[in-house]
Each structure stands twice: as structure tokens, then as C-alpha cells.
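Enquirer: Submitted below is the structure of interest, expressed as C-alpha cells.
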Amino acid sequence: FFKYLPRRYNQAKDATRVLRTVIDKAINERRKRAEDREAGREGGMEETRGNLLDLMMAVHEEGTWCTQELLAHSMTLLVAGHETTSAMLTWTLMELGERPDLLQRLRAEIDEVCGPFHPSSSSSAIDATHIERMPFLRSVLKESLRMHPPVTMFSRRTLKDLDLGGYLIPKGWHVGVSVYTLHRSPALWEKPDEFWPDRWAEGQEQAKGGKEGGNERVRAVSLGGGGAGVSPPRTPTSVHRAAAAAATTE
């Protein structure tokens with residue numbers, strides 16, 4: 005009887021089942037395509053370069069991953085490997101659209117490093133050598149992640165009994181951590197509801213912590229660096245920065 009109730013748990017199980025079906029189909033199609041390519045059959049020769057799924061399937065075939073691990077990693081990439089990045093860039097462009105002063109400052113930095121943008125010229129193209137020379141771009145993206153985290157909550161299972169602020173959390177319980185709440189807490193951040201990229205400028209210590217050294221721990225957890233297994237961007241990578249730079253260039 006209970007399995008027919010429209011409870012969130014059952015809805016999550018149904019959604020997981022659909023995702024697994026999609027991934028199974030993709031894996032089977034890639035395997036068949038590889039077999040056709042090896043046999044030289046028509047329809048199997050159009051792809052000669054492997055993609056990320058091919059690489060993960062190769063790891064599975066080598067015996068490093070079991071089938072469940074292959075499915076788990078594939079599902080993680082499907083759910084969190086691209087949408088989180090696009091969400092971060094969307095929020096970043098929205099914030100810059102509401103702050104023309106910051107947008108002009110960012111464009112000035114990009115022009116200084118890459119040269120003025122001309123659609124017909126390759127000299128102004130953005131590449132990896134430019135990214136590390138754009139500190140303000142990095143600050144903008146980190147502030148975007150703080151204000152609009154792509155994943156607003158994650159959970160961890162306690163490995164032993166834990167006393168947290170006078171509350172006992174028994175071993176084996178799952179504890180939810182609200183990233184959004186950490187990001188907007190006045191006890192941890194100056195001007196928590198203001199888009200303020202300069203808080204991340206080198207030498208700035210604008211995040212308030214309760215104890216000495218607390219700032220770095222808070223920043224590590226809130227930006228996804230508090231432990232393994234957090235798939236969304238922990239800090240803006242070169243890919244994120246290059247994409248944002250290209251998107252904000254006239």
C-alpha cells in the first residue's frame with residue numbers, strides 16, 4: 005500500500021530509476037557503436053575519438069570499477085557535471101547585468117589581458133594563459149558561487165556519536181548542511197546579501213569567523229571544499245573563468 009503513495013521518497017526512487025534507464029541506454033549504445041567500429045560495419049565509423057563516457061567505460065572494462073560504480077559516476081556527471089556550471093554562469097551574468105560598474109570593470113580587465121575584442125580577429129581570443137592574469141574575474145565567480153550556490157544543501161553520514169552544540173547526533177545518522185544558509189549568515193560574512201566581489205581580493209579578510217582560523221574553514225565548507233565527493237565547482241576553474249570571460253565580452 006505505502007509504495008503507491010505519492011511520497012517524496014518514492015518520487016525520488018522513480019526519478020533515479022529513469023536516470024538509470026537513460027544511462028544504461030547510453031552505455032549500451034556506446035558499446036554497440038564501438039563493436040560496429042571494430043567490425044567495420046556501416047554506422048560505426050563516424051566517431052573515432054572517445055568521449056568521457058567512453059573513458060569511464062574503459063575503466064570499468066579494466067576492472068577498476070564495478071558496474072555499480074560506473075553507473076554511479078555516470079549519474080553524478082549527468083546530474084551535476086554540467087547543470088551546476090551553467091547555473092553558476094547564469095547567476096553571474098544576472099548579477100553583472102544589475103551592476104554595470106562591475107561589468108565594465110571586468111571587461112576592462114579582460115581587454116587589458118586579452119586585448120580589445122574583435123569578432124574577426126583571433127588575437128583577442130581567450131585561452132588558458134590569460135585566465136590566471138584575471139584576479140577580478142576569479143573574485144566575481146567566487147562571489148557568484150557564494151550568493152547562488154548551484155547545490156544549496158549536501159549531507160554526510162556520521163561515523164561516530166557526535167556532540168554538536170549540546171545536541172547528540174548518533175552514529176549512522178545523516179546530517180544535512182545548508183550551504184545557502186552558510187553563505188548568507190551575517191555571523192560569517194560582511195554584507196551577506198550584497199554582491200561584493202572585492203571580499204575575495206587578495207589580502208582581504210571580509211568573512212567573519214567565530215574562532216581564529218575559522219574563516220578558512222567556513223570558506224572551505226561553503227564553497228564545497230569541506231570533504232570529498234562534492235561534485236559542483238569548489239572554486240571557479242579555468243573552464244568556468246574562460247566561459248564567463250567570453251560571455252561578458254562584447
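For what it's worth, my numbering labels the leading residue of the sequence shown as 5, then goes sequentially.
In this text, a Cβ means the ideal position worked out from N, Cα and C, and glycines have one as well.
By DSSP's criteria, Val181 is part of a beta bridge. Which residues make up the other side?
Expert: Paired residues: Phe158.
Enquirer: Between Met138 and Glu113, which are expected to be in contact by the criterion C-beta below 8 Å, what is the C-beta distance as a whole number of angstroms?
Expert: Yes, Met138 and Glu113 are in contact; Cβ-Cβ is about 6 Å, under 8 Å.
Enquirer: Quick one: what does DSSP say Leu107 is sitting in, helix, strand or coil?
Expert: Note: Leu107 maps to helix in three-state DSSP.
Enquirer: By the 10 Å Cβ neighbour count, where 16 or more other Cβ atoms means buried, how is Thr133 classified, buried or exposed?
Expert: Burial call: exposed.
Enquirer: Are Pro201 and Val117 close, meaning C-beta to C-beta below 7 Å?
Expert: No; because the gap between Cβ atoms is not below 7 Å, this pair is not in contact.
Enquirer: To which residues does DSSP link Leu166 through a beta bridge?
Expert: For Leu166, which the question treats as bridged, DSSP gives the partners Ile173.
Enquirer: For Trp193, which of helix, strand or coil comes out of DSSP?
Expert: Strand at Trp193.
Enquirer: Would you say Leu110 and Thr20 are within 7 Å of each other, going by their C-beta atoms?
Expert: No, they are not a contact pair.
Enquirer: Is the distance from the Cβ of Thr88 to the Cβ of Pro153 below 7 Å?
Expert: No, they are not a contact pair.
Enquirer: What would DSSP say about Arg137, mapped onto helix, strand or coil?
Expert: Correct three-state label for Arg137: coil.
Enquirer: Beta carbon of Ile173, beta carbon of Thr162: below 7 Å?
Expert: Going by C-beta atoms, Ile173 is nearer than 7 Å to Thr162.
Enquirer: Is it buried or exposed, Ala249, if we count other Cβ atoms within 10 angstroms and call 16 or more buried?
Expert: So Ala249 ends up on the buried side.
Enquirer: According to DSSP, is Trp69 part of a helix, a strand, or is it coil?
Expert: Coil at Trp69, not helix or strand.
Enquirer: Rounded to the nearest angstrom, what separates Ala43 and Arg34 at their Cα positions?
Expert: Looking at the two C-alpha atoms, the distance is approximately 14 Å.
Enquirer: Taking just the CA atoms, how far does Glu194 sit from Pro104?
Expert: Using only the alpha carbons, I get a separation of about 22 Å.
Enquirer: Tell whether a beta-carbon distance below 7 Å holds between His86 and Leu74.
Expert: No, Cβ-Cβ distance for His86 and Leu74 is not below 7 Å.
Enquirer: Just tell me which of Leu93, Thr94, Leu82 and Asp165 has its CA closest to the CA of Val26.
Expert: Considering only alpha carbons, the answer is Leu82.
Enquirer: To which residues of the same chain is Ile148 closer than 7 Å at the C-beta, ignoring the five residues directly before and after it?
Expert: Position check: residue 148 holds Ser in this sequence, whereas Ile was assumed. Taken in chain order, the residues that qualify are Met92, Trp95, Thr96 and Glu99.
Enquirer: Could you say which of Gly176, Phe158, Tyr171 and Met157 lies nearest to Lys262 if we only look at CA atoms?
Expert: As displayed, the chain neither begins before 5 nor continues past 254, which places residue 262 out of reach and without an answer.
Enquirer: From the DSSP output, in three-state form, read off Pro201 for me.
Expert: Looking at Pro201 - three-state DSSP - the assignment turns out to be helix.
Enquirer: So, helix, strand or coil for Asp131, using DSSP?
Expert: Reduced to three states, the DSSP call for Asp131 is coil.
Enquirer: What residue does the alpha helix (DSSP H) around Ser94 start on, and which one ends it?
Expert: What sits at residue 94 in the sequence shown is Thr, not Ser. Taken as a continuous stretch (DSSP letters only), the alpha helix (DSSP H) holding Thr94 covers Glu87 to Glu102.
Enquirer: Return the chain-ordered list of same chain residues with a C-beta closer than 8 Å to the C-beta of Trp69, the five sequence neighbours on each side being excluded.
Expert: Result list for Trp69: Met60, Val63 and His77, in chain order.
Enquirer: Of the residues Phe140, Ser90, Ile31 and Glu66, which one's Cα is nearest the Cα of Ala205?
Expert: If we check each option's Cα against that of Ala205, Phe140 comes out closest.
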